[in-house]
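Residue numbers (the numbering used here), protein chains in the order written: chain A, 1 to 144; chain B, 1001 to 1144.
Ideal Cβ positions, reconstructed from N, Cα and C, are used throughout, including at glycine.
Here the structure is a predicted model, which means the values were calculated and not measured.
Notes to accompany the following structure.
Number of protein chains: 2
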Amino acid sequence: MGTKQQITEKITALLKDSKLSVTDTRMKILELFMKSNGALEHSDIETQAGQSFDRVTVYRTLQTFLDKGIIHKIPTTDTSVRYAVCKSECSEHDHHDHHVHFKCESCGTTTCLDETNIPEISLPKGYAMHNVEVVVSGVCKTCK
Amino acid sequence: MGTKQQITEKITALLKDSKLSVTDTRMKILELFMKSNGALEHSDIETQAGQSFDRVTVYRTLQTFLDKGIIHKIPTTDTSVRYAVCKSECSEHDHHDHHVHFKCESCGTTTCLDETNIPEISLPKGYAMHNVEVVVSGVCKTCK
DNA sequence: ATTATTTTTGCAACATAGTTGCATTTTTAT
DNA sequence: ATAAAAATGCAACTATGTTGCAAAAATAAT
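Encoded structure:
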């Protein structure tokens, strides 16, 4: 995991690589993502960060991270929007998260199963495929 | 597709099979689903039905249909919730929609590709799978 | 067919989620 | 150290979803 300072350095580097200003909000939110073993939604961030920053700032920060390919959204069947940090292969203009997302019905956590590949899906004639999202629900390793 | 009256009879039968009272709202909303070739979200229903019924009634009707296995939700990466009618194999207690959902980036329509099966996905050790959701995005047959 | 019971609907009020404009503050560049 | 650019916080607003309760409609019983 690394020391507090190592994480700080890593986050700073990530922001600079993405040509983003290094601000307290961005640092703290990225830190939350790094620490968390699952995906976060807006409300998680507000809760876990205390009352330290404005709702609007959180919305804008998440949007910025999305734009830069630092985080990605995970599809859900409710109104929540879940975000997770992207693997290094993702970039601003070449965004792909071809891994399986797993939602645990017991603890509610959503995680990215980075090792688990998505098998080929053959669409009917006439359909062009750009992206595939897979969300598996069940019981995770920890809850079992 | 059938005449107006045939559709009405079909919908009435569907409601009675699900042990639901036959009401104007439920008839009209189910008719919208039947007519639509794609998934609908709450706002679509309110728009397409005119101002004829209350927001709250629409929410409650959709929830009822979900409970009875008449419709199912489709995962999205935004805050919208999309619904589509279930195939006949679905029932109240045995709900499964093991087909691929396709979201067209051009026309925005989400459709169920009932013929397209979801391939096996092997999860890491320790994970138990209950359900799989697949959403493919790209360009649909019509828009191509 | 009429009435009684149950269910559904619509309204009001509320709660949560997300957006926009603008002034102030912070960050970065000079 | 200062100027320019970017990010933040606040206020106000829009959209989305929920709950309780009384009125209306649908089903069941007589």
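- Three or more beta-carbon pairs separated by less than 8 Å link the region 105 to 115 of chain A to the region 32 to 50 of chain A, which places the two stretches in contact.
- In this structure the region 1055 to 1066 of chain B does not touch the region 48 to 55 of chain A; the number of beta carbon pairs closer than 8 Å is below three.
- Bounds of any alpha helix (DSSP H) do not take in I1121 of chain B, whose DSSP letter is neither H nor E.
- Assigned with DSSP and collapsed to three states, H1098 of chain B falls in coil, not helix or strand.
- Residues of the region 1116 to 1131 of chain B that bring their beta carbon within less than 8 Å of a beta carbon in chain A comprise T1116, I1118, P1119, E1120, I1121, S1122, L1123, P1124, K1125, G1126, Y1127, A1128, M1129, H1130, N1131, in sequence order.
- P1124 of chain B counts as exposed, since fewer than 16 other C-beta atoms from the protein chains shown sit within 10 angstroms of its C-beta.
- Within the same chain, no residue comes within 6 Å of L20 of chain A by CB-CB distance, once the 5 residues on both sides are set aside.
- The count of Cβ pairs closer than 8 Å, one atom from the region 115 to 124 of chain A and one from the region 68 to 80 of chain A, stays below three, leaving the stretches out of contact.
- In the three-state reduction of the DSSP assignment, D17 of chain A falls in the helix class.
- For T1061 of chain B, there is no enclosing beta strand (DSSP E); the residue is part of the alpha helix (DSSP H) that begins and ends at 1055 to 1067.
- Rounded to the nearest whole angstrom, the CA to CA distance from I71 of chain A to K1004 of chain B is 48 Å.
- At least one C-beta of chain B is nearer than 8 Å to the C-beta of S137 of chain A.
- Residues of the region 57 to 88 of chain A with a C-beta atom less than 8 Å from some C-beta of chain B are K73, I74, P75, T76, T77, D78, T79, S80, V81, listed in chain order.
- Within the region 21 to 37 of chain A, contact with chain B at the beta-carbon level (separation under 7 Å) is assigned to no residue.
- Counting along the chain, S137 of chain A sits inside the beta strand (DSSP E) bounded by residues 128 to 139.
- For T116 of chain A, no alpha helix (DSSP H) run applies; the uninterrupted beta strand (DSSP E) run containing it begins and ends at 110 to 117, by DSSP.
- Look at F1053 of chain B: its C-beta is not under 8 Å from any C-beta on chain A.
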